[in-house]
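Chains as they are written, first to last, in the working numbering: chain A, 94 to 589; chain X, 94 to 589; chain W, 222 to 370; chain H, 222 to 370.
Each residue gets a CB set at the ideal place from its N, CA and C atoms; glycine is no exception.
As the structure is a prediction and not an experimental result, all values here were calculated from the model.
Scroll down for the structure; my scribbles are underneath it.
See the structure below:
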């Protein structure tokens, strides 16, 4: 029985978990760094406690402080979300040692899967195919030595890592050293471990992952696949379920392989097994993410399973509530980033002076921000996940396009227009999505296709507003009666 | 093939239809009265045309003007939404006579079902059971004459009507005359027809309706039931699907009866057959609504069928795209009204100075308003429909409660708190929902259950804000940099 | 400071300390947002002023608190029957000088496409009728007055 | 009025007529909301000013238009390499006086938990290096300057 959960995370995933807790009748305790004191997720918690210190290490990565807060506030469990401490076996152990329930798999499962080399070896032993490559135990020298045997293009990956950090594609030997150093440094900063391994870069492949759930009553199931091929900088921007590349047989084979992978490490909870699928339909194990995944909503929408709520049930020792796998319709997620796609997708900062999400049937927004919030360099630049469901893939793309047309963000550059054009691109419409598709479609980088009438209109609007003194006007009268609402309208609004 | 639809409606249903058009690649033309010139639905249209004139009769009920606008703007079809002209056979005929496609059933089907007396007779002939009652052909005198034979309590219903207008419950002969006059007058104002009929009031019954779809390729199907028992002033406030009162056999019997009803009038398009179901499981035909229904979203969420999009397909002569009926999970809708439940649910007006809808998984909001809009006496006081889906009824109620907790509306009295208490009431949790449940649970009217600490907190907040000059302050600085966003933040925001 | 609430008039004078306001075990922090602390738990709250009314949202409850200007009469309006919303008078059911009992229907008005009945709030005599059938009325307009017997 | 856009500097001087502004076949109505009319179709548009930048949303496109104050220099910044966002310099790969080619990596900085490489925008000589490894930089800070050969 779980009664009070500490959510050791922030932003949209903290909101997601806190809402699930509220629905389950479980109290949610948020912890927040000083610069998050007015963030949305702190509003959704039953109790919000400030983390002392500055920077990630002293706050969201501070295991001791988080566990102390959990104990002082009567929590019986800890949900780590994704990122941060979610794949830290030592944290899982510390949580359990403190007498709390860890909402996730065992520390052993995290260790076995979190270390990519161990995971490769475990999977090989379990008969799951892995990508050709070399596990590097030494440092830079060994990378330089083994790279030629793997061949170019190759991929350097942080052994301890995930989320694109410490990952570098190397297309020729000329860049190998500088990329290897960068990958090792990023890996060290992100995961405290600079080990890197070298893998063949399988171009033209699809990134397809299987969601698995396993409870303590011996049941391990899969919830079908997510296709997450469309990536830039090795981070996903467009995810969908089901994948058009899978037929029922391949889905069952990959689903069974994923369940095997989970069983091989006595997995409990929600996890994701990632595969690369080649154009020929071969699939290779990439890694297992031993936590809830950013893109879990697409699976929730096609299967009808509330994955976060099942996590809570499983951690409490209850059996999963979901029945037979039942996939219905099609779901797509796009990730709204504060980044400039016209400048190599470089992150941007700014102020969400206007942030108006789309509405209407079949649209879900998972976000941790609302109008008025600032986008700072302190945290990940993902602003929101926009997810749609529709009876068919074609209708889901149409719905996503409609929703993106309604979405308005002013004050910070985002990839909104890029996502909109992506949804209308013939290759996406046809389903020809591969991990290198952004480079393939826009080899010289993406620039917005802006008709001159749009630029003219923009100039007209800006100049008219400026010359009307709108930029310095103190207040605009909202009502027709002459009574103005308080400025608290502005400061109190929320778009969760 | 439909290419450009005129939407002859306003508010949330116009938004719903315009979004469906956008997704289907069909252009949407909105028509709006002068007092709707900045309403949300006009933004969602490809073209928005102002209706000349004042009042409903000269604008949204002005058939001639609407058809002229459709022709002048190259429309090939008209969608009437619900209310307004949606059940006017003469309008359907005029649209067709103008060479346009009518997105709805034939004028004959509307006439047969719209006139409640004819509908009763048609259903009797088709073998569908109807409620004991008397069809009145004369006026007030005949009502007074036949009432005793029906017995009290009885229900007076507008023959031409729907939506609670012209409907009056009469519990004793003393009130009969005044109620009959009121019902006739309301009916005349709302439908241009003051005929009323007299029916036995079946207390303790459930209001259950079956959604049907029929295309021009000979296929007539049902999409399961909606339970709409929880009503005040004969208008629904809480709807759900599926109903716990139906087992698979009763669902199939009622579904078959509904399809029979549709076939009896050669129905095409989306329609709803309403039944009263007694505690013993007998069901009686109430009426058929020959249009899209306010509460259609709950059916969409459990069946995965996009009913509005199917309407567009059917009107274009295409077959329905939906396959076998597949009901998954549970959906609930509540209607947010500008009304004071503590004052007999009397409508209220005001300004939506703050309007912050809930977000998160499984939540859908269908609304035509956003923050800053005024609620006027000109139109129906329904502000929004909040719909949730979850794997089970218990989880759907928990999710609805969570969503209502997040919903914030300031500046106009609403039934928000009433809905929140309703969702937590043991009778609702147990599913003991009957058409008279609000009178049963709150015989002396509902008043909010407000702990004294809430009142204290409210007073503290109001006095602190007032004494800080917040009520007259010109602007609040949103950003941390000293740069303020323009007041256009305020005027340009939208919460569709 | 005094407010009219649905539970009557209440006076409150919180202690101010910078951006913090105190009242019994409640602390309100007025910064860019409003945060209320109750027994060391903090909650985001919302407030806006429309006309003389403060609208407050706190812990799922919505309150409308009408500010009473200092010096304003402490009397509530009595004996007046006002239009609950703008609309049209359809029928006047009584005459001036007529004796009525609490609950008797006095007028019928139409607004938001529904009919609403104006009923006597107490026993009395119809003193004055201000509108006749067919007339438009604004919200809060005094429709008729009842004197006590 | 002059604006810096991603397509260069543009001057625009719309005609004003009450709340209506005209430019070629475009009409903007500035009231409580902004409505743009193009060939008799009307569209809701959105605008807000943050600092010197007007942000505009029109027909699915988002524009950032920097207002150029009258009399301001018409020169764009040239030869300067600025920090694209706030962050920390991790490594300086060149020295002052060094000749570099367009595309050569010059510095590596870290921000938002990612590494970003600062590369030479054109062939030239490193004139001045303003930051060394380990230093924090603000967005827009000039990191180093390149002179043309």
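Is there a C-beta anywhere in chain X that falls below 8 Å from the one on residue i?
i, result
"residue 121 (chain A)", "no"
"residue 253 (chain H)", "yes"
"residue 285 (chain H)", "no"
"residue 414 (chain A)", "yes"
"residue 360 (chain W)", "yes"
"residue 419 (chain A)", "yes"
"residue 318 (chain A)", "no"
"residue 330 (chain W)", "no"
"residue 225 (chain W)", "no"
"residue 484 (chain A)", "yes"
"residue 233 (chain W)", "yes"
Would you report the Cα separation of residue i and residue j, rounded to the nearest angstrom?
i, j, result
"residue 349 (chain H)", "residue 312 (chain H)", "15 Å"
"residue 297 (chain W)", "residue 237 (chain W)", "Residue placement at residue 297 (chain W) is poorly supported in this model, since its pLDDT is 44, which falls under 50; the coordinates are not used for a value here."
"residue 195 (chain X)", "residue 188 (chain X)", "6 Å"
"residue 548 (chain X)", "residue 225 (chain H)", "53 Å"
"residue 98 (chain A)", "residue 108 (chain A)", "13 Å"
"residue 539 (chain X)", "residue 370 (chain X)", "26 Å"
"residue 381 (chain A)", "residue 199 (chain A)", "14 Å"
"residue 191 (chain X)", "residue 131 (chain X)", "29 Å"
"residue 285 (chain H)", "residue 307 (chain H)", "20 Å"
"residue 541 (chain A)", "residue 287 (chain A)", "38 Å"
"residue 390 (chain X)", "residue 420 (chain A)", "20 Å"
"residue 337 (chain X)", "residue 524 (chain X)", "7 Å"
"residue 325 (chain A)", "residue 338 (chain H)", "16 Å"
"residue 569 (chain A)", "residue 262 (chain A)", "Unreliable placement is indicated for residue 569 (chain A), whose pLDDT of 30 sits below 50; no coordinate value is reported for it."
"residue 206 (chain X)", "residue 456 (chain X)", "34 Å"
"residue 481 (chain A)", "residue 454 (chain A)", "9 Å"
"residue 344 (chain H)", "residue 367 (chain H)", "8 Å"
What does DSSP give as the partner residue(s) for residue i in the beta ladder?
i, result
"residue 382 (chain X)", "X:365"
"residue 136 (chain X)", "According to DSSP, which records beta bridges pairwise, residue 136 (chain X) is partnered with nothing at all."
"residue 357 (chain H)", "H:309"
"residue 440 (chain A)", "A:432"
"residue 96 (chain X)", "Beta-bridge pairing links residue 96 (chain X) to no other residue."
"residue 264 (chain W)", "W:257"
"residue 293 (chain A)", "A:247"
"residue 124 (chain X)", "X:142"
"residue 377 (chain A)", "A:369"
"residue 242 (chain W)", "W:237, W:249"
Examine chain A for any beta-carbon lying closer than 8 Å to the beta-carbon of residue i, and answer yes or no.
i, result
"residue 265 (chain W)", "yes"
"residue 262 (chain W)", "yes"
"residue 291 (chain H)", "no"
"residue 156 (chain X)", "no"
"residue 428 (chain X)", "no"
"residue 308 (chain H)", "yes"
Distance cutoff 8 Å, beta carbons only. Does residue i sit that close to anything in chain H?
i, result
"residue 444 (chain X)", "no"
"residue 458 (chain A)", "no"
Exercise for the section: Say whether the stretch 285 to 299 of chain X touches the stretch 341 to 353 of chain X, bearing in mind that this needs 3 or more beta-carbon pairs closer than 8 Å, one atom from each stretch. Expected result: No contact exists between the stretch 285 to 299 of chain X and the stretch 341 to 353 of chain X.
Handout entry: Ranges of the alpha helix (DSSP H) found wholly within the stretch 211 to 256 of chain X, counting only runs of at least 4
Key = As far as the stretch 211 to 256 of chain X is concerned, its whole alpha helix (DSSP H) runs of at least 4 residues are 233 to 243.
Problem - At least 3 beta-carbon pairs within less than 8 Å: the stretch 208 to 216 of chain X vs the stretch 165 to 177 of chain X - result: Segments in contact, no.
Practice task
Count the C-beta pairs between the stretch 467 to 485 of chain X and the stretch 408 to 425 of chain X that are closer than 8 Å, then say yes if the count reaches three, no if not.
Solution key: By the Cβ rule, the stretch 467 to 485 of chain X counts as touching the stretch 408 to 425 of chain X, because three or more pairs are nearer than 8 Å.
Handout entry: Runs of beta strand (DSSP E) wholly within the stretch 150 to 199 of chain X (minimum 3 residues, chain order)
Key = Whole beta strand (DSSP E) segments, 3+ residues: 170 to 172.
Problem - Minimum length 4: unbroken alpha helix (DSSP H) runs contained in the stretch 471 to 502 of chain A - result: Listed in chain order, the complete alpha helix (DSSP H) runs (minimum 4 residues) inside the stretch 471 to 502 of chain A are 486 to 499.
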